[in-house]
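To keep things clear, I will list the structure first and then write my remarks on it.
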Amino acid sequence: MNALFPLTVADAVRRTREHDARVCCHVSARLDDALAEAGGREGPLAGVPYGLKDEFDTPNLPTTGGSWRHRARSTPGFGSAPFRAFDAAGAVLIGKSNLSDLGLAPEASSYVGGSTKNPFDPTRTAGGSSGGSAASVAYGIHAFDWGTDIGGSIRLPAAFCGVLGLKLSDATWPIQELFPSVPDSMRWLCGQGPFARTTEQMRAILDVGAGTMRSELVPPPFDPTEVELYAPERGAWGTFVGDVQPVLEEALGRPVVEASAIPPPSEVREVYAGIWASHLTDLLASDDVGLVNGLAAVVSALVFRGRIFGDRRFHPTTAELLLLIAIGRVTLFRDRDEARRRAFAVRDTFRDLWADHRLVVSPVTAHPPPRILRSNWNPELLGYTIQGNLSDATGLAIPFGTFDSGLPRAIQLLGPPGSERVLLDLADRIIASRDARPALRQPGVELA
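Per the working numbering, the sequence shown starts with residue 148, numbered consecutively.
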């Protein structure tokens, strides 16, 4: 057993066999192969069971991207960069983690993997798109997992499942291989990174992944001397400032102020929507669907919902988003240049804050996990995570107590590209201060 990752391959396999049909963490798994490999691995992660979001190629398992259309897609034998890094370090792949269709919707629901259940309430989503990754760590099915994030897809499920989630910057950890591929014109929005239970585990995962996945870019040093709280406008966390401010001030040893320069979430949501709508044709072309066929598949998914004619080209949660993007494309957001100008203005705001050594802290979301298949119904759900994508931030989600309903909530730290070690060091102090307060103690989930 690895002392840093106490979960064994045997326990991971047993829990998968006993529970995965119910909780839906995997699209596919390799349980017998994992057991056969468990005792013969060497390296810093020797024998550690892990998962990869089903957007990263691995040998002998299909990579579907959450899409029924790609359920039998063949994959290269050498695997993607995360697989190569973790395999060389001795980790044992348990399976490919569930996600939304094409990784678009903010919940892990698809025709290839089902709907991943929230560990604290099975009627609610585990989040997404990397919901299977976060839930598998929360359930103790994977010791760690590796996902992607283009609008909160790591941080949101980490918050919903009560685990740590780290979105790394595209500038310092560029994604080398991904299926389906992100259009070149939108790649700057997308990050990747780990899910784990502890900061020590996070550091070990990054140590292993850096040699294969980290760029040679050396960003300026970042030593946060001030923190700005980006408090929610609305939602179910009305006590955010009162809950978070004393913890941060104790962890930092200095006063914390409310953010003033960052645009409000409603404005940022409009900026983010403008990027997606103005790049719709790029998005459909990257999946080889085409505009006409793509819109026909969207209408079919929304009207028949896969129950008539067996049309599963899009899952309804993804079709809902594609329809909204298409409406935006023909109404408000036809000017790509203007959309990008507004997006880069948000990025410049964050860069100015970081250059002034200011760290931004906000809720990951001000809302508890929605019921399964209803994540698209709340336009405010991603109001704080998309800031991190528009700015190419390093974003760390840290569990932070519960909503009144008992479901977990989380804060996020947003720092500049390459600041992951700084954020993890700060997280250690925040967690110590958090854990000294009984009202903020974290609920736990463990499968038998």
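Note that beta-carbon positions come from the ideal geometry of N, C-alpha and C, so glycine has one too.
Taking C-beta atoms as the reference points, R177 and G237 fail to come closer than 7 Å.
Residue environment: Q348 is assigned as buried (16 or more neighbouring CB atoms within 10 Å of its CB, all protein chains considered). Note on geometry: alpha-carbon atoms of D204 and P555 lie some 31 Å from one another. A contact between stretches requires three or more CB pairs, one per stretch, nearer than 8 Å, and the region 333 to 344 meets this requirement with the region 277 to 296. P367 and V493 have their C-alpha atoms roughly 20 Å apart. Sequence-distant partners of R460 (beyond 5 residues in either direction) whose C-beta falls short of 6 Å from its own C-beta, in its chain, are R216, A444. In the DSSP assignment, T295 falls within the unbroken beta strand (DSSP E) covering 291 to 296. Apart from sequence neighbours up to five positions away, the residues of its chain that approach D354 with a beta-carbon distance below 8 Å are P191, ordered along the chain. Taking 3 residues as the shortest admissible run, the region 502 to 551 contains the following complete beta strand (DSSP E) segments, listed from N- to C-terminal end: 505 to 510, 541 to 549. In the same chain as S407, and ignoring 5 residues on each side of it, the C-beta atoms closer than 8 Å to its own belong to E375, in chain order. Taken through DSSP and simplified to helix, strand or coil, P269 comes out as strand.
Between the alpha carbons of G475 and L336 lies a gap of roughly 19 Å.
For P555, the beta-bridge partners assigned by DSSP are T549.
Put simply, the region 390 to 402 does not touch the region 415 to 428. Fewer than three CB pairs are less than 8 Å apart. Burial check for G338: the Cβ neighbour count within 10 Å reaches 16 or more, so the residue is buried.
Within a 10 Å sphere around the beta-carbon of E202 sit 16 or more other beta-carbons, which makes this residue buried. Less than 7 Å divides the Cβ of H462 from the Cβ of S257. DSSP, reduced to helix, strand and coil, places L246 outside both helices and strands of the structure shown, so it counts as coil. Note on the region 463 to 496: there is no whole beta strand (DSSP E) run with a minimum of 3 residues. Between P330 and D429, the gap from beta carbon to beta carbon is short of 7 Å.
Classified as exposed, W524 has fewer than 16 neighbouring CB atoms from the shown chains inside 10 Å of its CB.
In the displayed model, V391 falls within a helix according to three-state DSSP. For P229, there is no enclosing beta strand (DSSP E); the residue is found in the alpha helix (DSSP H) stretching over 228 to 235. Taking a 10 Å sphere around the C-beta of P516, we find 16 or more other C-beta atoms and assign the residue as buried. Counted as a single uninterrupted DSSP element, the stretch harbouring L353 is not any beta strand (DSSP E) but the alpha helix (DSSP H) occupying residues 346 to 360.
About 18 Å separates the beta carbon of K243 from that of G287, a gap too long to meet the 8 Å contact definition.
Taking each of L249, S276, R381 in turn and checking the Cα distance to A432, the smallest one comes out for L249.
In this structure, A540 and F497 form a Cβ contact; the two beta carbons are roughly 6 Å apart against a cut-off of 8 Å.
G530 and L561 do not touch by the CB rule: their CB atoms are close to 13 Å apart, not below 8 Å. Check the Cα spacing between T319 and each of L251, I545, A513, R361: the tightest is with R361.
In terms of CA proximity to V592, C308 leads the group C308, L246, L520, R401.
For P526, the closest of V415, A232, G400 by C-alpha to C-alpha distance is V415. Here Q339 is bridged, per DSSP, to T295. Counted as a single uninterrupted DSSP element, the stretch harbouring L178 is not any beta strand (DSSP E) but the alpha helix (DSSP H) occupying residues 178 to 184. F480 and R488 have their C-alpha atoms some 12 Å from each other. A straight line joining the alpha-carbon of L208 with that of A378 spans about 43 Å.
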